[in-house]
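Please read the structure below before turning to the comments.
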Amino acid sequence: MGAAAIATNFAVRVSCEGRTVSLDSGQTLVVGRGLDCDLVITDALASRRHAQLELNGSQLTVSDLGSSNGTFLDGAKITGPMTVGPGSTLRIGGAAGPEVRFESAPARAMVRTPQALAGHSEREPAPTAASAAGVSLPAHPQARVASQPLPTRPKKQRVALPSAPSNTGVVFDRYSLPSGPMEQRAPINRSGHATVTGSVPQVLPVDSGPAGSHGGAITIGRGLENQIVVDDLLASRQHARLVPARGGYDVQDLGSRNGTYVNGQRITGAHLGEGDLLAVGHSRFTVRHGQLVASVDEGDVNFVANHLSFTLPDGKKLLDDVSFALEGSSLLAIIGPSGAGKSTMLKALIGSQPATEGEVYYDGRDLYQNFQDLRHRIGVVPQDDVVHRQLTVQQALRFAAELRFPDDLPKELREQRVDEVMAELGLTEHAHTRVDKLSGGQRKRTSVALELLTQPSLLFLDEPTSGLDPGLDKQVMQTLRQLADGGRTVGVITHSVANLNVCDKVLLLAPGGKVAYFGPPNEMLSFFGKDDFADIFTSVVADPNGAQRHFKESPLEDEQVEGPLSAPRREPPPLEKPPRQQSIPSQLSTLARRHVRVILADRGYSVFMLVLPIALALVAMLVPGDFGLKQQPPIGRSPGDVHFHTTEPLQLLVFLIIGAVFMGTAATIRELVGERAIYQREKAVGLSPQAYLAGKLTIFGVLNLLQSILMVGLVSIRKPMPDSAILLGSPMLEIIVACWLTAFAAASLGLLLSSVVKTSEQAMPALVISIMAQLALCGGLFPVNGRLGLEQVSWLTPARWGYAGSAATTDVRNILASQTDPLWKHSAGVFILEIAMLLVLAAVYAAVTQWRLSRKVVD
1 MGAAAIATNF AVRVSCEGRT VSLDSGQTLV VGRGLDCDLV ITDALASRRH AQLELNGSQL
61 TVSDLGSSNG TFLDGAKITG PMTVGPGSTL RIGGAAGPEV RFESAPARAM VRTPQALAGH
121 SEREPAPTAA SAAGVSLPAH PQARVASQPL PTRPKKQRVA LPSAPSNTGV VFDRYSLPSG
181 PMEQRAPINR SGHATVTGSV PQVLPVDSGP AGSHGGAITI GRGLENQIVV DDLLASRQHA
241 RLVPARGGYD VQDLGSRNGT YVNGQRITGA HLGEGDLLAV GHSRFTVRHG QLVASVDEGD
301 VNFVANHLSF TLPDGKKLLD DVSFALEGSS LLAIIGPSGA GKSTMLKALI GSQPATEGEV
361 YYDGRDLYQN FQDLRHRIGV VPQDDVVHRQ LTVQQALRFA AELRFPDDLP KELREQRVDE
421 VMAELGLTEH AHTRVDKLSG GQRKRTSVAL ELLTQPSLLF LDEPTSGLDP GLDKQVMQTL
481 RQLADGGRTV GVITHSVANL NVCDKVLLLA PGGKVAYFGP PNEMLSFFGK DDFADIFTSV
541 VADPNGAQRH FKESPLEDEQ VEGPLSAPRR EPPPLEKPPR QQSIPSQLST LARRHVRVIL
601 ADRGYSVFML VLPIALALVA MLVPGDFGLK QQPPIGRSPG DVHFHTTEPL QLLVFLIIGA
661 VFMGTAATIR ELVGERAIYQ REKAVGLSPQ AYLAGKLTIF GVLNLLQSIL MVGLVSIRKP
721 MPDSAILLGS PMLEIIVACW LTAFAAASLG LLLSSVVKTS EQAMPALVIS IMAQLALCGG
781 LFPVNGRLGL EQVSWLTPAR WGYAGSAATT DVRNILASQT DPLWKHSAGV FILEIAMLLV
841 LAAVYAAVTQ WRLSRKVVD
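Here the sequence shown is numbered in full-length UniProt numbering, starting from 1 and rising by one per residue.
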């Protein structure tokens, strides 16, 4: 058609949320939240592709594109194409949603050339870097690590390893880079945003001079209000700001949840100079010859272990000079007999326990030196299922998504990512099935799904087939094969050798962490000259040093490993706490809602929590007597004969307070030990121990309140409450408060005990000991006041203060003249002290529990 296509028909300016685009006769315009839309709307009510506008002559029609919340014309939801007339009001997502406005525009010539690209949809062809920048940009060493894409290659082609170190980081010369410029011009949509897409480096339309194309400051983030938009759920809405300075940019983190990283280190402010690497989520930015170049880590990365050794302080070696190299999209099986160092190997590869010697390289970057940044690219599935079995698959994944993604991410996008992961792993048809109803293989896929939410490039699994039958073992290994083929590097520790044929490489460790074999699985038997894998295991256990020497002297070692580079060892930076994707209040909300769902989903537990206060109330009603906690008339004819009918009040309060202690402790004694594997994994991806514990205490506090109301209320039907209140105006209310806070403090104590015990089986003896000790120390069975040592120990128990508070309200000292315990005085000051002490004990127990949860390893 030549240089231009001319249109002289009617035109309309369409605007929403401050953005305006032109629509000419004969054209269509798509409105929505997606970056590929012609008019992008950031409001959460908008769907990714929400509505379409079409202009024919002077007639404008609107059609809904199957949006979630609908398109509304003049207040009515449209179901088919509708004509937009003069004065019509068009809104997105609801009758009060964002308004789309129209304004007539003069006819204009539409010129479609590369120079006009910035004003049109990103669907137009983008120019190459040569036409855009007019220069050929040579690769800077560090920039190559960040930005150069690796040419595609046959799956089984050998990986050549690095031969020389670089002073800016390790650069792997595995591939011959194409000559000439490799960068593309980043696409710009009609709303004027530069978008970062794909692993091919893109030159962004910004300059590093003092007069940048956006007046100096440039913002990067997920939100469409930024100059550079990254379509990444790990990025915050406004993630970082770049200000041109000194041939590069001054970088400022804008309070992002996942952090901003320069050269692998998390920063709040830093300078991005020539060749430096800036990471925002999966996106990578570097400055090359004054231009900002961007690319996306899409997962197909190479992974190298370089002379890894791990030596204990006493000199014992758990890993001994382990080296191997993996291509991207590979599946590695790590096998070996018990005690061969497989778990130590896993910790060294993921960076949670760095090797004492050697390096691990992620796509040419030292994992230990860049761990703060690269930890987001690594997913780990422990041997234990890390999902609440009482939840459905969809519920478990949605709660996990809330914890792992920034709290400013719209709910719709989180749920969309959950649906994508379920579809990828074949879990869609099981979305509404409880996890405890799934097969072993399906449960393991659910655990894998938790890690895939954040799109890791590396995925490691510890014994995923343990305890599964041969059929499920095969299903899990085939699933891992599919994950690797989908663009991830997958490593699996396994004892099963039945399905090694689906792997690309096998690493066999002999006792002492020695490499006995690394190579294709189909060559393993012939390498050892054995007929089955059991004989191989027997031989390497019998002579691990000989097995290591046999591999090092074989041609296979040169072919598969080729002597990885021994770079000078540098101490890795200290590990910082993983960044939280949500604020602590947001995490608290998520955890509390998940906990409620778990409780309600476990019908047996829910029924037990409901029946428990009823049963305790019925038992309390068995106390003989008719006066309950009321004052009782004396009998006898003279002062010396004055005494009272029974010790009914003391006995009744024992049942109420010890019942409250039992309710609180029984509810929490198994809580932390039962979720230990789940907590450890969630903590590794940013879960706050404070939010985790506060979520538990919040829900159990509410539960204990309801149980206390039910228990005391039922008892009051048969046993009268005290005659007068001390502080709250109602004696029954004061008894309820005393029982509630006693149960809450006991719940806090139960969480502490749960953090101490090793297994759920050990929790029950701890429960019995705790209840019996508090029964003895409460003061209701025998006096503890004035008994040196015993009284001081009793102050550390909720039962002592709860019993004293309820006894003060009951005015036991007046009922039973023989009782002189000062904590039972019918006084507002004494009652306040006892309530305060219950809160103090709850806080102390919680503080110690949080300390244990915050430790690197909870024993």
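Cβ atoms here follow ideal geometry from the backbone N, Cα and C, with glycine treated the same way. In this text, all values refer to a predicted model and were calculated from it rather than measured experimentally.
Starting from residue i, follow the beta strand (DSSP E) in both directions and report where the run begins and ends.
i	result
C16	A11 to C16
P244	A240 to A245
K758	Looking at the DSSP string, K758 is not in any beta strand (DSSP E), and its letter there is neither H nor E.
T71	T71 to L73
F782	Taken as a continuous stretch (DSSP letters only), F782 belongs to no beta strand (DSSP E), as it is neither H nor E.
residue 866	A question about residue 866 goes unanswered here, because the residues of the chain that appear run from 1 up to 859.
V459	The displayed chain sequence assigns Leu, not Val, to residue 459. Start and end: L458 to D462.
Can you tell which of the options has its C-alpha closest to the C-alpha of residue i?
i	options	result
G779	A766, W795 and S770	W795
residue 917	V490, L508, L710 and G664	Residue 917 is absent from the model: the chain starts at 1 and stops at 859.
I350	V830, A684 and A842	A684
E424	P410, V448 and P406	V448
I78	G87, S68, D64 and L39	D64
A498	D485, R481, L483 and P470	P470
residue 860	H282, D253, L278 and V262	Any answer about residue 860 is impossible in this case: the structure gives the chain only from 1 up to 859.
V386	V619, V673 and V296	V673
V598	E671, V619 and G75	E671
L767	Q707, I735, T810 and I658	I658
I678	L591, S708 and L705	L591
Q369	E359, L272 and E17	E359
H388	L687, G26 and R676	R676
V515	L588, L461, G341 and E682	G341
M721	M477, P731 and H289	P731
Would you mind reading off the limits of the alpha helix (DSSP H) that contains residue i?
i	result
R19	It is not in any alpha helix (DSSP H) - R19 instead sits in the beta strand (DSSP E) that spans R19 to D24.
L591	I584 to A601
H550	P544 to K552
T665	E648 to T668
A431	Looking at the DSSP string, A431 is not in any alpha helix (DSSP H), and its letter there is neither H nor E.
V768	A763 to L777
D558	P555 to Q560
S806	P798 to T810
L60	Premise fails: L60 lies in the beta strand (DSSP E), Q59 to D64, not in any alpha helix (DSSP H).
A484	P470 to D485
Can you grab the Cα-Cα spacing for the pair residue i / residue j, in whole Å?
i	j	result
G275	S755	48 Å
I41	R237	14 Å
A355	D504	25 Å
Q442	R593	25 Å
Q372	L653	55 Å
D366	V262	14 Å
M711	V830	24 Å
T524	A534	Contrary to the premise, residue 524 reads as Met rather than Thr in this sequence. The alpha-carbon atoms of M524 and A534 are separated by roughly 12 Å.
G364	N302	8 Å
G328	V200	16 Å
residue 934	V596	For the chain, the structure presents residues 1 to 859; residue 934 sits outside this window and is missing.
V251	D300	28 Å
I736	S708	6 Å
R603	T665	19 Å
G750	A667	8 Å
L790	V784	6 Å
Q59	L409	38 Å
Would residue i be called buried (16 or more neighbouring beta carbons within 10 Å of its own) or exposed?
i	result
F10	buried
K316	exposed
P313	exposed
G786	exposed
G695	buried
P258	It should be pointed out that residue 258 corresponds to Asn in this sequence rather than to Pro. N258 comes out buried.
I584	exposed
K437	exposed
S724	exposed
residue 860	Look at the range of the chain in this structure, 1 to 859, and you will see that residue 860 is not part of it.
V170	Because the pLDDT of V170 is 28, which lies under 50, any placement of that residue in the model is unreliable, and the question is left without a value.
Q792	exposed
> Which whole runs of the alpha helix (DSSP H) in the region 342-410 are 4 residues long or more, in chain order?
Replying inline: 342-350, 371-374 and 393-404
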